[in-house]
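First up is the structure itself, then whatever we jot down about it.
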Amino acid sequence: MKKDLRNNLLYTFCKLVTITCILGIVTIGDCLAQTPLKKGYATLKELRLYYEIHGQGKPLVLIHGGLGCIELFDPILKNLAATRQVIAVDLQAHGRTADINRPLSYEAMADDIAGLLEYLHISTADLMGFSLGGGVVQQVAIRHPQMVIKLVVLSAPYKHAGWYPEIQQGQAQMAQAAEALKSTPLYGLYTSLAPRKEDWPVLCTKLADFLKKDYDWSKEVAAIRKPVLLIAGDADAVPPSHLTEFFGLLGGGKKDGGWDGAGVPVSSLAILPRATHYNVISSATLVPVVTAFLDKQAGQRR
């Protein structure tokens, strides 16, 4: 019985990450067609963090999800870069950034992002993270608040229990799924980019150990004083009820905003219709919602 349950979880997890790859990432050839203005590696102690810069203007850092890479944002990168300087990164052990002898953690990856901004001589920036990357941007705001202008947290909870139970189970099984995932387009993308293709099982094992750890940042999130936009699909891996709790920690949902908008909080919540964890980045409503939030002037309520 337990073996059947484990096999079902592995099958479901493999299916979900395959759908993520197909819907959230276009073909490798199309991804490479988006030529950055600048690309390279930032040396941050033992880590060489790969980054790309697209467009010009106010800086916006994009941070992908687990098993992902910069290419995850291909459906929206061009539109975002039309009006701002987009700095996209491959996190530790992902994409073109090789792994190092360090466990994966939200805190360490947040410090990497802060180090990248220092390396690029950027004092402040907007940050947008999807899924795992949404946890990273929260930690940047917690650990390096002086570097943050605004945050966009896409499809990510503020605590481990914020994921649906079946998602938590799938995350814990990632190491066992490493071999099965080799038959998915996601693995093909990984091997086309990774400096050491043989590190695939290491990445899956590290992610499993990392993603099953419990955390609760409710106190830290409540202390964030930067404008935050929370976004998720209405059929996402994070339930809308959790997003309303998250919004409440940021001061939202406390009262009517008033006819003049005086009671509208500085942070915002958006639930995108008919969107899942596996196609939310391709949602036609995502970029307009994000750009409207980022373009809003300080003190402007609506």
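Remember, the numbering used here sits 936 above the position in the sequence shown when you count from 1. Don't be surprised by glycine CBs; every beta carbon is placed ideally from N, CA and C. All values derive from a computational prediction rather than experimental measurement.
Asked, Found
"CA-to-CA distance, V1138 to R984, given in whole angstroms", "18 angstroms"
"Reduced DSSP category for T954 - H, G, I as helix; E, B as strand; rest coil", "Model confidence at T954 stands at a pLDDT of 41, short of 50, so the residue's coordinates are unreliable; what they give is reported in the following sentence. DSSP places T954 in helix when its eight states are reduced to three."
"Where K1190 sits in the DSSP three-state scheme", "coil"
"Nearest-angstrom Cα separation, counted from G1194 out to Q1112", "52 angstroms"
"Option nearest A1228 by Cα separation, candidates V997, V1088 and A1114", "V1088"
"R984 - containing beta strand (DSSP E), residue span", "L983 to H990"
"Same chain, Cβ closer than 8 angstroms to Q970, neighbours up to 5 away in sequence not counted", "H990, D1010, L1013 and K1014"
"Cβ contact (3+ pairs, closer than 8 angstroms) linking the segment 1167 to 1175 and the segment 1113 to 1130", "no"
"Sequence-distant residues of its chain with Cβ nearer than 8 angstroms to K1162 (five each side left out)", "A1077, P1081, V1084, I1085, K1086 and L1087"
"Integer Cβ distance of Y987 from I1023, believed to fall under 8 angstroms", "6 angstroms"
"Exposed unless 16 or more other CB atoms sit within 10 angstroms - verdict on P995", "buried"
"Whole-Å CB distance - A1029 paired with Q1075, under 8 angstroms assumed", "With 8 angstroms as the limit, A1029 and Q1075 do not qualify as a contact, their Cβ atoms being about 17 angstroms apart."
"Neighbourhood of H1178 by C-beta, 6 angstroms cutoff - its chain only, sequence neighbours within 5 removed", "P1093 and G1098"
"DSSP-derived helix/strand/coil call for I1204", "Per the sequence presented here, residue 1204 reads as Ser, with Ile not at that position. Correct three-state label for S1204: strand."
"Straight-line gap, G1070 to P1101 (C-alpha atoms, nearest Å)", "19 angstroms"
"Reduced DSSP secondary structure (H/G/I, E/B, other) of K1086", "strand"
"DSSP bridge partner residues for K1155 (one or two, in chain order)", "Partner(s): none; K1155 has no beta bridge."
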